[in-house]
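Protein sequence lines correspond, in order, to chains A and B. Numbered according to this note's numbering, the first sequence spans residues 5 to 459. Numbered according to this note's numbering, the second sequence spans residues 5 to 459.
2 protein chains.
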Amino acid sequence: MSDAVDELRKAVPDGRVLTDPDLMAAYRRDETPTVSPGQPRCVLLAGRTSDVAAALAWAQRHRVPVVPRGGGTSLAGGATATDGCLVLSTARLTAIRELDPANETVVAEAGVLTADVDRAAAAHGLMYAPDPSSLEISTIGGNLATNAGGLRCVKYGVTRDSVLGLEVVLPGGRVLRTGRRTVKGVTGYDLTGLFVGSEGTLGVITSATLRLRPRPARYPSTLAAGFPSFGAAARAVAAILAARLRPSLLELMDSVTLRAIEEWQNTGFGADVQALLIAQDDGEQPDLGVARMRDVCLREGASMAEVSGSEAESRQLLELRRLSYPALDRLGATLTEDVCVPRTRLPEMVARVEQAARRHGVLVATVAHAGDGNLHPLFVFDRGLPDVPPQVWAAADEIFRAALELGGTLTGEHGVGIIKRRWLGTELGPEAMAVHHAIKNALDPDGIMNPGKVL
Amino acid sequence: MSDAVDELRKAVPDGRVLTDPDLMAAYRRDETPTVSPGQPRCVLLAGRTSDVAAALAWAQRHRVPVVPRGGGTSLAGGATATDGCLVLSTARLTAIRELDPANETVVAEAGVLTADVDRAAAAHGLMYAPDPSSLEISTIGGNLATNAGGLRCVKYGVTRDSVLGLEVVLPGGRVLRTGRRTVKGVTGYDLTGLFVGSEGTLGVITSATLRLRPRPARYPSTLAAGFPSFGAAARAVAAILAARLRPSLLELMDSVTLRAIEEWQNTGFGADVQALLIAQDDGEQPDLGVARMRDVCLREGASMAEVSGSEAESRQLLELRRLSYPALDRLGATLTEDVCVPRTRLPEMVARVEQAARRHGVLVATVAHAGDGNLHPLFVFDRGLPDVPPQVWAAADEIFRAALELGGTLTGEHGVGIIKRRWLGTELGPEAMAVHHAIKNALDPDGIMNPGKVL
């Protein structure tokens, strides 16, 4: 077998193939604490599309499973190594091949950091809208593979909504180009959409033509509104959307999250703030938009509602949201969930999360991309435990089933990966599962692309 | 074989299967004048999803090709009957199963007219954004099958951008549900996107969950600007977009089109109007948006630039655009093309269209969804001819190749159907063609769904 690895070494530039277990350790796992990675046979640090092509040709010849990875920030185990696999890192494909401000497009290689795409766009008065919380450490390739979401989705949609075309290396090493550079086009099937969100199970995305948008003239205006209960805050969200206001961000944090931040940062929220809503408007009249949202919040029983007076103040309010995860991380090990429901069902879904937490005696904190109905219940448990406690899985199971019952989905933006695979059939049903398998078999007949993930 | 048709009759309610050639005549052809339809074996007027399922089970048992059709408004031959086929009309699946104003979704069956979806939404202060010119006679099912565009695409995207989920009957009769009711969701592959735009080659869409949007508070403000040349108008389009203005409609008509309308309706444009740009803004400050576009047009050499003072006047200006097709139809038979280029290449593409017309001595009129770079060159030729003259095909061929050369696509919104099939491989390349065939074979192994279209 080491002969096989030598063959791969010869097919790519020197130093790109790792086999030393110590060096490979950093490439075995992603940000999912609840899965145990396998031991890869080797790691390829691809530097060009042709390296990826050579690797996939090699993998097919030797029937080696391939686990593609970008920044390794998956929360669903999507980039977790399996025993004997090739870990194929696209993190070193870092060229921005082209930026066309007039057509508002950028061609970025898979390893470019999400935030770097946005920064490159900003130099031309443009923005790359998708903004997963991991944007400073996640790659465009990983975002594309998982169809990542983010905070601005409520106005600008998810990653798939910003992709015009892809360069994908198929199993066996052929290089496929999908889509187009135009904003419209209906020549053939939507292969671009098919590869986006396929979590590395159909091929490896090496580059993408992304759509940019005009950057708002100034930093969005920001509102922070406190509510006496999560339910009241969720009702305010529904009222904001029913008033046809169009926030560019609408985030909700529950009391467990607020207390965790409070204990750490001494933010000084009173007992009348059991839930915090943060909203932004980046439209033509941002102050007006935010003032209207403030009025709605006060009408819906907000105990406080402050509009930022400056960019600095706005950023500070938003920072509260960003502190959620590190603050909760201080309490113990966490399992982050990602259900999404029709946004009017948010209050019900929150109640169901609270029920599940109580019933199974587990600590759950919830932050939500409330405008999308996308909740992230975070289960907190003892860091010393060897495994996720069974009551956490029981509560998670209950939450998934509740989301489906309310017309929702298992995963709003993190992907299926390993950790939601066992619930996939429940959401999709047998016909959709059969179509998934038919497509997977058609494009990856040997089943070597990211095996054990999604399907 | 009539035994087989009897079997189909028994599987669906009475009167749903037509075999009389006179009755079938209306279901043989679509709006593409340049293709000759075959003679169907029978026509099914499906009234329920279960009729479609029964028909596809029957078609598979008897290996009968199936040609699905909605309103029959295809301009690419996509709904043209082939000899011995079952024409499967979904036009009678006309229920709006559900409208959820709070979640801004509607579940509409395939046969609902596009305009009726929008009217149903309007009752709740919402709109269905995709607006192909045929919206009063085209069905949602046909729009989905072709991923139809329209005038508002420049701001709101194409049909695919407004679809959350589908009900699809697969070859053999299984009923598949794709997607979700939530605005976000990444459980599994994007089957919704795959079926949208697949032109009936993978299955029959019977119902869709569509996304609605807030309806602008009032009818959009409208600008009409005349230019001394098409090139000057195209440059104004580029300047409007470069100024990061966000029109909700940006349509361009060339001098051939204007003269055809002029001769018919006596619109009174002077010799200094050789191209007309119509723009709308439906944003938060529509009058401001339109005034800014007017300024840009004047700076770019507009010979006239009028802003509407009222909804009636706005509608009248837009009516000019709608008159293009009937006005050109008065001049002879027409072949409507549909190329799309990166929008900054619009002036070049227009020049290439004019060159092709001159070189081959054919009359070409061009109207364009200019903000998307989507041009519709219309070839006009003698209605008495038995067939499209070879010089028209030669000019069309040159135009397709020019579009691809400029980084564009064969079809921005009409689809491949029959008439662009021969150019498909040129745009897609061998790898993408192979992936198309792999998917087609995986989902329709007998090749009975709309054979001879797209692939």
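For glycine and all other residues, C-beta sits at the position ideal for the given N, C-alpha and C.
Subject >> 4 or more residues per run - each alpha helix (DSSP H) lying fully within the stretch 388–449 of chain A >> reply: Unbroken alpha helix (DSSP H) runs of no fewer than 4 residues, entirely contained in the stretch 388–449 of chain A, are found at 394–409, 428–447, following chain order.
Original post:
Taking three-plus beta-carbon pairs below 8 Å as touching, is the stretch 259–267 of chain A in contact with the stretch 362–380 of chain A?
Top reply: Using a C-beta cut-off of 8 Å, the stretch 259–267 of chain A makes contact with the stretch 362–380 of chain A, since at least three inter-stretch Cβ pairs fall below that distance.
Original post:
Is B:D391 buried or exposed, if buried means 16 or more other CB atoms sit within 10 Å of its CB?
Top reply: With fewer than 16 other Cβ atoms within 10 Å, it is exposed.
Original post:
How long is the line joining the alpha carbons of A:G14 and A:I422, rounded to whole angstroms?
Top reply: At residue 14 of chain A the sequence reads Lys, which differs from the Gly that was named. Roughly 33 Å separates the two Cα atoms.
Subject >> Residue environment, A:L27, which counts as buried when at least 16 other CB atoms sit within 10 Å >> reply: The residue in question, A:L27, is exposed, as its Cβ has fewer than 16 Cβ neighbours within 10 Å.
Original post:
List, in order along the chain, the chain B residues whose C-beta lies closer than 7 Å to that of A:H440?
Top reply: The contacting residues are G192, Y193.
Original post:
Given that A:D376 touches chain B, what residues does it touch there, using C-beta distances under 7 Å?
Top reply: Within 7 Å Cβ-Cβ: V187, K188.
Subject >> Three CB pairs or more closer than 8 Å across the stretch 350–363 of chain A and the stretch 317–324 of chain A >> reply: Touching, no.
Original post:
Does the Cβ-Cβ distance between B:L463 and B:T109 come in under 8 Å?
Top reply: Since the displayed chain B opens at 5 and closes at 459, residue 463 of chain B lies outside it and no answer follows.
Subject >> Pairwise C-alpha distance: B:E304 and B:R184 >> reply: Their Cα atoms are separated by approximately 46 Å.
Subject >> Any chain A beta carbon closer than 8 Å to B:A233 >> reply: A quick correction: the sequence has Ser, not Ala, at residue 233 of chain B. So, not an interface residue.
Subject >> Distance, B:S78 Cα to B:T348 Cα >> reply: Using only the alpha carbons, I get a separation of about 28 Å.
Original post:
Would A:G82 be called buried (16 or more neighbouring beta carbons within 10 Å of its own) or exposed?
Top reply: By the neighbour-count rule (16 or more Cβ atoms within 10 Å), A:G82 is buried.
Original post:
According to the neighbour-count rule (16 or more other Cβ atoms, all chains shown, within 10 Å of its Cβ), is B:L103 buried or exposed?
Top reply: Result: buried.
**OP:** Kindly confirm or deny that the stretch 195–207 of chain A and the stretch 286–294 of chain A touch, where touching means at least three C-beta pairs closer than 8 Å.
**Re:** Short answer: they don't touch.
Original post:
Quick one: is B:D7 buried, meaning 16 or more other Cβ sit within 10 Å of its Cβ, or exposed?
Top reply: The residue in question, B:D7, is exposed, as its Cβ has fewer than 16 Cβ neighbours within 10 Å.
**OP:** Closer than 7 Å, Cβ to Cβ, to anything on chain A: give me those residues from the stretch 339–364 of chain B, in chain order.
**Re:** Taking 7 Å as the Cβ-Cβ cut-off against chain A, the residues of the stretch 339–364 of chain B that qualify are C344, V345, P346, R347, T348.
**OP:** Answer yes or no: does any C-beta atom of chain A fall closer than 8 Å to that of B:A436?
**Re:** For B:A436, at least one C-beta of chain A is nearer than 8 Å to its own C-beta.
Subject >> Residues bridged to B:Q284 [DSSP beta-bridge criterion] >> reply: Beta-bridge partners assigned by DSSP to B:Q284: B:T226, B:L253.
Original post:
Hey, is B:S54's beta-carbon within less than 8 Å of any beta-carbon in chain D?
Top reply: Any reference to chain D falls outside this structure, whose protein chains are A and B.
Original post:
CB-CB under 6 Å to B:A398, same chain, minus the five flanking residues each way: which ones, in chain order?
Top reply: So the qualifying residues of the chain are H364.
**OP:** Could you round the C-beta distance between B:T86 and B:G456 to whole angstroms and report it? I think they count as a contact, below 8 Å.
**Re:** A Cβ-Cβ distance of about 6 Å is found for the pair B:T86 and B:G456, placing them in contact under the 8 Å criterion.
Original post:
Mind checking whether A:T163 and A:V458 have CB atoms under 8 Å apart?
Top reply: No, the pair does not count as a contact, with Cβ atoms beyond the cut-off.
Subject >> A:N147 - containing beta strand (DSSP E), residue span >> reply: Annotation for A:N147: no beta strand (DSSP E) segment contains it, though the alpha helix (DSSP H) segment containing it runs 144–150.
Original post:
With a CB to CB cut of under 6 Å and the five nearest residues on each side skipped, what residues in its chain are close to B:S233?
Top reply: Q278, listed in sequence order.
**OP:** Can you give me the start and stop residues for the alpha helix (DSSP H) that B:D24 sits inside?
**Re:** First-last for B:D24: undefined, no H or E at that position.
**OP:** Go through its chain and collect everything with a Cβ distance to B:G76's Cβ below 6 Å, but skip five positions before and after it.
**Re:** Non-local beta-carbon contacts of B:G76 in its own chain, meaning distances under 6 Å to residues more than five positions away in sequence, involve D34, A83 in chain order.
**OP:** For B:R250, count neighbouring Cβ atoms within 10 angstroms of its own Cβ and tell me buried if that reaches 16, exposed if not.
**Re:** B:R250 counts as buried, since at least 16 other C-beta atoms from the protein chains shown sit within 10 angstroms of its C-beta.
**OP:** Hey, could you find the ends of the alpha helix (DSSP H) A:S328 is sitting in?
**Re:** Its alpha helix (DSSP H) spans residues 315–333.
Original post:
What is the DSSP secondary structure of B:A295, counted as helix, strand or coil?
Top reply: Residue state, collapsed to three classes: helix.
Original post:
Among all the DSSP beta bridges, which residues are the ones paired with A:N378?
Top reply: According to DSSP, which records beta bridges pairwise, A:N378 is partnered with A:C344, A:H373.
**OP:** Measure the alpha-carbon distance for B:G201 versus B:D135 and round it to whole angstroms.
**Re:** So the alpha carbons of these two residues sit roughly 16 Å apart.
Original post:
With 8 Å set as the bound, which would you pick, yes or no: does the beta-carbon of B:P218 sit closer than that to a beta-carbon of chain A?
Top reply: By this cut-off, B:P218 is an interface position.
Original post:
So, does the CB of B:L198 fall closer than 8 Å to a CB anywhere in chain A?
Top reply: Yes, because at least one Cβ of chain A sits closer than 8 Å to the Cβ of B:L198.
Original post:
Taking the alpha helix (DSSP H) that A:S54 falls in, what are its first and last residues?
Top reply: Per DSSP, the unbroken alpha helix (DSSP H) holding A:S54 starts and ends at 53–66.
**OP:** Assign A:N454 to buried or exposed, taking buried as 16 or more other Cβ atoms, counted over all protein chains shown, within 10 Å of its Cβ.
**Re:** With 16 or more neighbouring CB atoms inside 10 Å of its own CB, A:N454 falls in the buried class.
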